[in-house]
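In the working numbering, the protein residues as written are 7 to 459.
The C-beta atom is built at its ideal place from N, Cα and C for all residues, glycine as well.
Here's the structure, in structure tokens; my notes come after.
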């Protein structure tokens with residue numbers, strides 16, 4: 007999660023974060039930047055935008071390579087209205103936004119040929135005194151009909167047949183203890199309620215997955231100390247505690263994580279910044295026993311597996327080379343949540359980059375790329391996995407690659423034309439019968455217009 011308030015050009019990343027769920031560390035937020043955000047800066051208290059798009063989707067149902075039917079492709083029509091409200095006072099700031107996305111796929115010809123989602127985003131900041139401020143924020147998404155999306159960091163982009171609810175709430179206090187020492191304290195809560203990953207039957211229909219394998223609540227506490235070594239260099243020490251409680255503990259996925267890291271934020275020039283973190287993550291999986299011989303309704307024996315220790319590192323940098331243009335990127339190595347019923351986490355390697363470039367005052371391009379490789383090492387023996395879920399995947403990895411590109415031309419100050427392309431590739435490879443398959447590729451291209459008030 008973001009460690010502090012992002013620069014203005016990075017605030018656009020927050021909505022995409024909600025689509026991919028709660029990432030434990032801030033580098034994941036760089037995965038996409040094309041949509042707007044709550045609290046868009048400007049002189050108007052009210053903002054409104056409407057985007058109309060006509061496009062083509064090569065795989066709107068995210069059908070897998072293993073599907074027994076031909077992959078369905080379709081043209082589509084999309085409408086995306088958004089309403090925002092911004093208030094800036096002497097001591098308090100308030101930002102609210104509502105987003106709606108509705109898409110019609112002409113070639114699907116089934117009950118789920120219309121997909122839509124709604125997002126409610128709010129943030130309130132109150133300055134208690136010149137040294138202390140309190141921020142309360144909430145991001146809520148509700149979708150009906152199948153919306154293919156990254157439900158949480160490291161999981162495959164899946165199709166949910168009944169939609170999902172994802173809510174992220176945070177309370178953060180920022181305070182300066184001395185002229186050189188500052189602190190950030192944050193509590194976060196995330197709830198995911200979905201019917202789980204879908205599968206495809208022999209007739210090409212979608213069969214809903216199990217909710218118990220996906221639904222969870224996440225609570226966390228974050229504490230960071232920031233020391234101004236020089237005006238350009240800030241040293242950090244961070245403590246982050248996260249606990250995950252799944253709907254069904256029969257999946258043995260409840261766990262808690264603690265990370266400790268040292269880092270620095272460096273401003274090389276007014277236009278070039280760098281951020282780095284390095285430390286250790288400790289992961290404790292409930293229900294996993296040191297004994298491999300006892301399996302009961304309460305879990306595998308009465309004990310717990312020894313706490314696992316994993317290295318953590320994350321670096322990112324931004325170069326604002328023009329008034330509106332910038333390039334940024336980052337990479338991280340961390341532990342993230344799993345979508346395997348018998349494995350609560352995976353080792354994740356993530357690379358991301360973003361580029362906004364204005365050729366002229368009217369013509370611009372926005373690009374983003376995100377690569378996540380999740381490596382799984384079985385925490386249960388094959389006999390234990392078969393006794394729990396009648397399946398065993400073995401070791402393996404899941405790879406998610408996304409690329410987005412949008413050209414925009416400002417016809418008038420309130421109207422622009424857009425041409426975009428989005429690419430997603432998901433691969434799932436395991437030792438035993440390619441367990442937990444579902445690999446697929448998806449291309450989306452569109453041409454549209456966007457009106458802004």
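Asked: Exposure of residue 384, with buried meaning 16 or more beta-carbon neighbours within 10 Å; Found: buried
Asked: Residues of its chain near residue 473, where Cβ-Cβ distance is below 6 Å and the 5 sequence neighbours each way are ignored; Found: Coverage of the chain is limited to positions 7 through 459, which leaves residue 473 absent and any answer about it impossible.
Asked: Contiguous beta strand (DSSP E) assignments of at least 3 residues, all confined to the segment 75-161; Found: 80-94, 98-111, 120-135 and 138-150
Asked: For residue 55 and residue 368, believed in contact at Cβ under 8 Å, the rounded distance; Found: Not a contact, Cβ separation roughly 17 Å.
Asked: Segment contact flag, the segment 401-413 with the segment 421-431, C-beta cutoff 8 Å, min 3 pairs; Found: yes
Asked: Nearest-angstrom beta carbon gap, residue 249 and residue 282 [assumed within contact, 8 Å]; Found: About 27 Å separates the two Cβ atoms, so there is no contact after all.
Asked: Per-residue DSSP class, three states only, for residue 452; Found: strand
Asked: Rounded distance between the beta-carbons of residue 107 and residue 86, thought under 8 Å; Found: 5 Å
Asked: Meets three-Cβ-pair contact criterion under 8 Å: the segment 221-229 and the segment 177-195; Found: yes
Asked: Member of 110, 330, 324 and 128 whose CA lies at the smallest distance from the CA of residue 461; Found: Because the chain in this structure spans residues 7 to 459, residue 461 falls outside the shown range and cannot be described.
Asked: Local conformation of residue 67 per DSSP, three classes; Found: coil
Asked: Uninterrupted beta strand (DSSP E) stretches inside the segment 400-431 (no shorter than 3 residues); Found: 402-418
Asked: Simplified DSSP assignment, three categories, for residue 272; Found: strand
Asked: Among 316, 77 and 92, nearest to residue 509 - alpha-carbon criterion; Found: With the chain represented from 7 up to 459, any question about residue 509 goes unanswered, as that position is not in the structure.
Asked: Residue 269 and residue 289 closer than 7 Å at C-beta; Found: no
Asked: Residue 179 beta carbon less than 7 Å from that of residue 140; Found: yes
Asked: Length of the line joining the Cα atoms of residue 329 and residue 81; Found: 37 Å
Asked: Residue range of the unbroken beta strand (DSSP E) whose run includes residue 250; Found: 239-252
Asked: Cβ-heavy atom distance, residue 241 to the ligand GDP, below 6 Å; Found: Because no ligand of any kind appears in the structure shown, any question about the ligand GDP cannot be addressed here.
Asked: Integer-rounded CB distance, given that residue 111 should sit under 8 Å from residue 63; Found: 7 Å
Asked: One or two residues paired with residue 377 in a DSSP bridge; Found: 357 and 407
Asked: Start and end residues, beta strand (DSSP E) containing residue 318; Found: 314-325
Asked: CB of residue 221 within 7 Å of CB of residue 253, strictly; Found: yes
Asked: Same chain, Cβ closer than 7 Å to residue 97, neighbours up to 5 away in sequence not counted; Found: 132 and 133
Asked: Residue 397, DSSP secondary structure in three states; Found: coil
Asked: Spatial distance of residue 147 from residue 104 (CA atoms); Found: 10 Å
Asked: Residue 355 versus residue 341: straight-line alpha-carbon distance, rounded; Found: 9 Å
Asked: C-alpha distance - residue 415 paired with residue 61, whole-angstrom precision; Found: 18 Å
Asked: Exposure label - residue 186; buried when at least 16 CB within 10 Å; Found: exposed
Asked: Contacting residues, own chain, Cβ-Cβ under 6 Å from residue 451 (five flanking each side not counted); Found: 61, 62 and 427
Asked: Coil, strand or helix - residue 331 by DSSP; Found: coil
Asked: Enclosing beta strand (DSSP E) for residue 459 [first to last residue]; Found: Segment: none, residue 459 is in no beta strand (DSSP E) and carries neither H nor E.
Asked: Where residue 402 falls, given that 16 or more other Cβ within 10 Å makes a residue buried; Found: buried
Asked: Through-space distance from residue 344 to residue 361, alpha-carbon basis; Found: 30 Å
Asked: Residue 304 versus residue 377: straight-line alpha-carbon distance, rounded; Found: With a pLDDT of 39 at residue 304, under the threshold of 50, the predicted position of this residue should be treated as unreliable, though the coordinate-derived value follows. Their Cα atoms are separated by approximately 37 Å.
Asked: Coil, strand or helix - residue 229 by DSSP; Found: strand
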